[in-house]
Structures are given as C-alpha cells and as structure tokens.
Amino acid sequence: MHEESEVPGTPSTIPDDNSATNSVEKDIAAQVANAFDRKQMKQQNFEIGSVKFRLSLKEGINFFVSENFVELDAKSLAHFFLNHKDSLDKTQIGEALGKEPEYKFVKTEEDSEKGGEGFFVRVLHHYVEAFEFGGLQLDEAIRLYLGGFRLPGEAQKIDRFMEKFAECYTRQ
Numbered sequence: 019m020h021e022e023s024e025v026p027g028t029p030s031t032i033p034d035d036n037s038a039t040n041s042v043e044k045d046i047a048a049q050v051a052n053a054f055d056r057k058q059m060k061q062q063n064f065e066i067g068s069v070k071f072r073l074s075l076k077e078g079i080n081f082f083v084s085e086n087f088v089e090l091d092a093k094s095l096a097h098f099f100l101n102h103k104d105s106l107d108k109t110q111i112g113e114a115l116g117k118e119p120e121y122k123f124v125k126t127e128e129d130s131e132k133g134g135e136g137f138f139v140r141v142l143h144h145y146v147e148a149f150e151f152g153g154l155q156l157d158e159a160i161r162l163y164l165g166g167f168r169l170p171g172e173a174q175k176i177d178r179f180m181e182k183f184a185e186c187y188t189r190q
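Heads up: the sequence shown begins at 19 in our numbering, then just goes up one per residue.
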C-alpha cells in the first residue's frame, strides 16, 4: 500500500489560528451587540421617564433616579434639567424650579441638597448658576435662561426665577 505524504503548505499542515481569531471576533461582536442593546434599553427607559415626568413631576424624577439617570441631589438634578431641556416637558421643569421654599421632595430628608425642605429652590439656584451670562446683553441672557423651561403663572414663582437670574447676571 502506498501512503500519501503530507505536502508542506497544504491545509492539513497549517496551524489552525482561525479558530482563535473566530473566537475573538465572536466575542467582540457579542460585546458590540450587548452595548447596542444596553444603549437602546437606556433610550427606551429615558423615553418612559420622560412620559412619567410629563404626567407627574415626582414620579418622573423618582423614575430617573431609580434608573440612574440622575442622583437625588439639587446640583445633579439642575444639570439634568439643563442637559435634557429639549427632551423633557418644559412646563414640568418650570413647575419643579418654581416650587415653594417650604416644599420637601423627600418627606424624611432634612438636607435641602438631598430632597429636604427647599430642595427645588436649591435646584433653581444650581440651574441658574450653571449658565455663563458673561458678555451677553440682557435680552440675550434672559432668552438663554428662559429657553429651558416655561414660566409658571404665579407671580411669586416668577419673582423667584427673575430674582435669582438677576443675581447671577449682575455677578457675571
């Protein structure tokens, strides 16, 4: 009987590096798919939160906090409102920023930065302080400031909004 000898360079003698390469490629593809799924889920959760926020200020904020979009502190919430002003209901943002100083978001909390009495006043202060009004004319600065929310109808609330704006505008 005649035995066939292996010829160098034929597929039977080349080391099988393709299986390792294929494994790495599959791992990368799975990671990309998982990242895409996570991003899509996060976008869906944001849309759900946006609807909840439109219907109920408290439920919306609690949802965003529970889904780790924002922390329950005044500065974080102010920046969240500012960064998402085009996606969130502007009337609700205005209602939140205009809450009375006595209002507690978290009834058991004493710290105004963490939801206690005066929480939304602190949110308003951080919101206004996040703007850079330097070099802007008064009308440009007011337009920039008021572009992220709708003013509530109550005179006392409007006074709080404009008083804090004036303080920050004249300081810069």
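Backbone N, C-alpha and C fix where the C-beta goes; we use that ideal spot for every residue, glycine too. Being a predicted model, the structure only gives us computed values, none of them experimental.
Is any heavy atom of the ligand GTP found at a distance shorter than 6 Å from the C-beta of residue i?
i	result
residue 54	For the ligand GTP, the structure offers nothing, since it holds no ligand at all.
Under a Cβ-count criterion, where at least 16 other Cβ atoms within 10 Å of its own Cβ denotes burial, should residue i be classed as buried or exposed?
i	result
residue 95	buried
residue 44	exposed
residue 77	exposed
residue 46	exposed
residue 107	buried
residue 56	exposed
residue 146	buried
residue 105	exposed
residue 158	exposed
residue 114	buried
Determine whether the beta carbon atoms of residue i and residue j lie at a separation below 7 Å.
i	j	result
residue 167	residue 112	yes
residue 85	residue 63	yes
residue 88	residue 98	yes
residue 91	residue 132	yes
residue 110	residue 151	no
residue 144	residue 93	yes
residue 170	residue 116	yes
residue 182	residue 142	yes
Got a sec, what are the start and stop residues for the alpha helix (DSSP H) residue i sits in?
i	result
residue 109	108 to 115
residue 88	Premise fails: residue 88 is in no alpha helix (DSSP H) and is neither H nor E.
residue 124	Premise fails: residue 124 is in no alpha helix (DSSP H) and is neither H nor E.
residue 149	First-last for residue 149: undefined, no H or E at that position.
residue 94	92 to 101
Consider the Cβ of residue i: report whether some Cβ of chain D lies at a distance smaller than 7 Å.
i	result
residue 117	Any reference to chain D falls outside this structure, which holds one protein chain only.
Flag this pair as touching only if the segment 112 to 122 and the segment 56 to 70 have three or more C-beta atom pairs under 8 Å; answer yes or no. Not touching, per the Cβ criterion.
What are the uninterrupted segments assigned as alpha helix (DSSP H) that are 4 or more residues long and contained completely in the segment 152 to 186, given in chain order?
The segment 152 to 186 contains these whole alpha helix (DSSP H) runs: 156 to 164.
* Any contact of the segment 155 to 162 with the segment 171 to 179, i.e. 3+ C-beta pairs under 8 Å? -> These segments do not touch.
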